[in-house]
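Undergrad:
In the working numbering, the protein residues as written are 1 to 150.
1) Per DSSP, what kind of secondary structure is residue 11 in: helix, strand or coil?
2) Below 8 Å, can you find three or more Cβ-Cβ pairs linking the stretch 11-20 to the stretch 82-100?
3) Starting from residue 28, follow its DSSP beta bridges and name the residues at the other end.
4) Quick check: residue 85 and residue 109, are their CB atoms within less than 7 Å of each other?
5) Taking only the alpha-carbon atoms, compute the straight-line gap between residue 28 and residue 3 and give it to the nearest angstrom.
6) Give the single residue among 123, 130, 73 whose Cα lies nearest to the Cα of residue 37.
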């Protein structure tokens, strides 16, 4: 479920041209996750594109390479990496998605969670806007909105 949702996020998001040019530059989806999830996600997106942009997985990128990512997903057991990496992102237009409690309150943009055994997600639109990303109103309508100033 979360792999599918993570893939579909790319359809509801627009990066500024400074981050994703009009040519066939790949959208780099960086996964801070266990191999099991990364394998499932890689199978799901294999050969898929978003417009002219192929989707490319980067597994557990180093701190010096995270600014090349377009989207970074922090699986639940990798929240300590979020604590170290979030300061390196600066003003980069990189969508951050996580599962840890308090992810949005620590500067994250989208948080996955379970509510009454159902997969849900919360969005902090103010942080997304501050990073020059544009998220579809369709996605905002079905999300729990959490406002934490950037």
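Every residue gets a Cβ at the ideal spot worked out from N, C-alpha and C, and that includes glycine.
TA: Taking the coordinates as given:
1) helix
2) yes
3) Secondary-structure assignment with DSSP links residue 28 through a beta bridge to 56.
4) no
5) 15 Å
6) 73
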